[in-house]
Structure formats: C-alpha cells, structure tokens
Amino acid sequence: MFKKYFLLLSILIVFISNANLAFANSMNFNEYMNKTNIDQQLSTAINQNTQNITQNMISGGSSEKSISDSTIVPYPYPNNGIYISISLITKATPNEIYVDGSYYNSNYSTAEEAKTDLKSKYENVKNAVKNYGTIVLNSMNVYPQSNYFYNEDNTTTENISYSGDLSLKVTLIQASKLEDIKNIMLDNGLNSWVSANVSEENIIDAEMAAVQKIKNLLAKKIKLYETLLDKKLTTLSSIDLYAWAGSNIDVEKNTVDLTINVNATYLTE
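Residue numbering for the sequence shown follows my numbering, beginning at 36 and increasing consecutively.
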C-alpha cells in the first residue's frame with residue numbers, strides 16, 4: 036500500500052514539474068493576451084475602483100513581501116468558470132505625510148488646571164514645529180468626572196476631578212524633520228504616529244502604472260491553470276480590482292505601499 040501511494044506521489048510531482056516546464060517553454064504573453072479585451076476590462080475595473088477604496092488614511096508600518104499569489108489549485112465556478120485571484124503591492128504618491136499626536140490625562144484637580152496644561156502642550160508643540168511643518172488642532176476637551184468614596188458611617192463623599200484630551204496633526208514641510216517632530220511630541224507627553232493621505236487620483240495613477248505587471252501575473256496564472264487542467268481558458272468573463280493604501284511610508288521618496296487585488300473569472304472550453 037505504501038509503495039502504491041509513493042508511486043502516485045512521484046507521478047504527481049513529475050506532472051507538476053513538467054507542467055511548469057511546459058508553461059516556461061510555451062507561454063507567448065502578447066499572443067495570449069491579445070485573445071481577450073483585458074486592457075479595456077482592466078481600465079474599467081480601475082475606474083470603478085474609485086467607489087471601492089477602503090482606506091485613504093493610512094498609518095506607517097512595514098510590508099513583508101511585494102507580490103503574493105493565491106493557491107495553485109484553481110477554484111471552479113459554475114458554467115465551467117475558473118476563478119483567479121492575484122495580489123501585488125506597488126507604490127503610490129501620498130498627497131501629504133503627517134504626524135498625528137494625542138494626549139490624555141484623567142487626573143486634573145480643576146477644569147482650569149486641565150485647560151492650562153492642554154493649551155500649554157499645544158503651544159509648545161506649535162512653536163517647536165513651526166519651521167518643520169504646519170500644525171492643526173483637531174480637538175481639545177475637558178470633562179468633569181465624579182468619584183465616590185464610602186465612609187465608615189455608611190455615608191458617601193463625592194470627589195470631582197477632571198480629565199482632558201488633546202489631538203493635533205503636523206503636516207511635514209521638510210521630510211528630513213520627521214524624527215524631530217516625533218521627538219518634540221514625545222518631549223511634551225504626546226503619543227505620535229506617522230500617517231499619510233492618498234487621493235483617489237493618485238491611487239488610480241498607481242493602478243494604471245501597474246497594469247502591465249497585473250497582466251503578466253494573470254497570464255502566468257492562466258497558463259499554469261491551463262496546463263494543470265488540460266483545458267483552455269477562452270473567455271474573460273469578469274474582472275474586479277480593489278486597491279487600498281497600506282503601509283511602509285517612505286518619507287524621503289514620498290511613496291507609500293498600495294495593495295492591489297485582482298479577481299478574474301475565466302470560462303473554459
């Protein structure tokens with residue numbers, strides 16, 4: 036029984052190896068893609084994507100890989116359809132890169148103390164960053180809060196204290212001053228994080244620049260599926276494209292990662 040399964044596994048490995056070799060030797064990208072209206076459908080999908088942008092406001096981080104791919108096993112759809120999914124990460128140009136800052140304190144004795152402290156922190160940051168970026172005060176709030184203490188005679192004593200929060204944004208003028216701005220906020224007790232704003236127009240520009248890469252990935256996946264299934268994918272039935280700004284903000288190059296997902300359904304012979 037073990038020998039039987041080992042033989043079947045060996046045949047499968049040889050089959051996949053030969054399939055990959057056949058794909059490498061036989062794929063003619065231009066000839067294949069000319070059979071479909073892929074350019075027109077991709078353009079339509081990209082234009083429709085303005086309705087599907089899930090996130091324009093993004094936070095800094097890091098991306099682990101630049102291109103990912105779905106499983107090698109195609110997912111069958113009704114009417115002999117094959118569903119193909121690819122994902123890639125390209126670069127987009129943000130409209131602005133900025134540093135968000137926030138502060139919260141729940142232990143003020145009086146409302147005046149809270150107001151004075153919050154205003155002082157805002158003015159300190161404002162004066163320190165004036166040569167590095169433009170500052171916007173998003174919010175400054177003070178809230179009363181009641182704390183009740185139980186006494187030994189079963190009475191209660193109410194103690195009123197105050198909490199306050201501060202939120203601001205500094206848009207970079209000089210990219211090299213990013214760390215200076217973050218340190219200024221830290222020195223004044225504010226938490227900070229780097230964010231960016233990417234417009235729909237800039238996202239569409241990045242998508243259009245990635246069209247050839249999308250077509251290459253689709254053609255590679257199509258040929259692989261055709262070899263594995265021993266069927267021709269003859270018609271592009273539908274294609275959807277979604278993109279969102281993600282991570283890895285490069286302040287010096289003024290770029291941000293943009294993830295593009297393409298989902299296509301092809302009909303077989």
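No residue lacks a Cβ here, since even glycine has one placed at the ideal position from N, Cα and C.
Beta-carbon gap between residue i and residue j smaller than 9 Å
| i | j | result |
| --- | --- | --- |
| Val-164 | Asp-222 | no |
| Asn-298 | Asp-292 | no |
| Tyr-301 | Thr-262 | no |
| Ile-238 | Ala-210 | no |
| Tyr-167 | Gln-180 | no |
| Ile-219 | Val-160 | yes |
| Ile-171 | Thr-125 | Position check: residue 171 holds Val in this sequence, whereas Ile was assumed. No, the pair does not count as a contact, with Cβ atoms beyond the cut-off. |
| Asn-194 | Asn-182 | yes |
| Gly-224 | Tyr-138 | yes |
Where the beta strand (DSSP E) containing residue i begins and where it ends
| i | result |
| --- | --- |
| Tyr-301 | 291-303 |
According to DSSP, residues forming a beta bridge with residue i
| i | result |
| --- | --- |
| Pro-179 | Tyr-197 |
| Asp-135 | Lys-204 and Trp-228 |
| Asn-140 | Gly-199 |
| Thr-169 | Thr-206 |
| Ile-119 | Ala-299 |
| Thr-270 | Leu-302 |
| Thr-355 | Only positions 36 to 304 of the chain appear in this structure, which leaves residue 355 out of reach. |
| Thr-128 | In the DSSP output, where bridge partners are listed per residue, Thr-128 has none listed. |
| Leu-276 | Val-297 |
| Asp-285 | Thr-290 |
Alpha carbon of residue i to alpha carbon of residue j, nearest angstrom
| i | j | result |
| --- | --- | --- |
| Ile-119 | Ser-202 | 44 Å |
| Ile-295 | Asn-226 | 31 Å |
| Tyr-143 | Ser-230 | 30 Å |
| Gly-199 | Asp-188 | 33 Å |
| Asn-140 | Lys-150 | 11 Å |
| Asp-275 | Ile-121 | 11 Å |
| Asn-130 | Lys-217 | 20 Å |
| Ile-132 | Leu-213 | 9 Å |
| Thr-128 | Ala-254 | 28 Å |
| Thr-303 | Lys-267 | 6 Å |
| Lys-248 | Glu-242 | 10 Å |
| Asn-162 | Lys-204 | 14 Å |
| Thr-290 | Glu-235 | 15 Å |
| Asp-265 | Ala-245 | 30 Å |
| Thr-145 | Asn-173 | 23 Å |
| Leu-271 | Lys-288 | 37 Å |
| Lys-256 | Asp-135 | 42 Å |
| Ser-155 | Leu-123 | 46 Å |
| Asn-251 | Lys-258 | 11 Å |
| Met-175 | Ser-273 | 49 Å |
| Val-177 | Asp-240 | 44 Å |
| Leu-153 | Trp-228 | 19 Å |
| Thr-192 | Ile-208 | 52 Å |
| Glu-148 | Val-233 | 39 Å |
| Thr-169 | Thr-190 | 53 Å |
beta-carbon residue i near the ligand MG non-hydrogen atom, thresh 8 Å
| i | result |
| --- | --- |
| Leu-263 | The ligand MG is absent from the structure shown, which contains no ligands of any kind. |
Any chain B beta carbon closer than 9 Å to residue i
| i | result |
| --- | --- |
| Leu-213 | Absent from the structure is chain B; it holds one protein chain and no more. |
Residue i - containing alpha helix (DSSP H), residue span
| i | result |
| --- | --- |
| Thr-151 | 146-164 |
(Q) Could you tell me which whole alpha helix (DSSP H) segments of length 4 or greater appear in the stretch 213-262? (A) The qualifying runs are 213-222 and 235-244.
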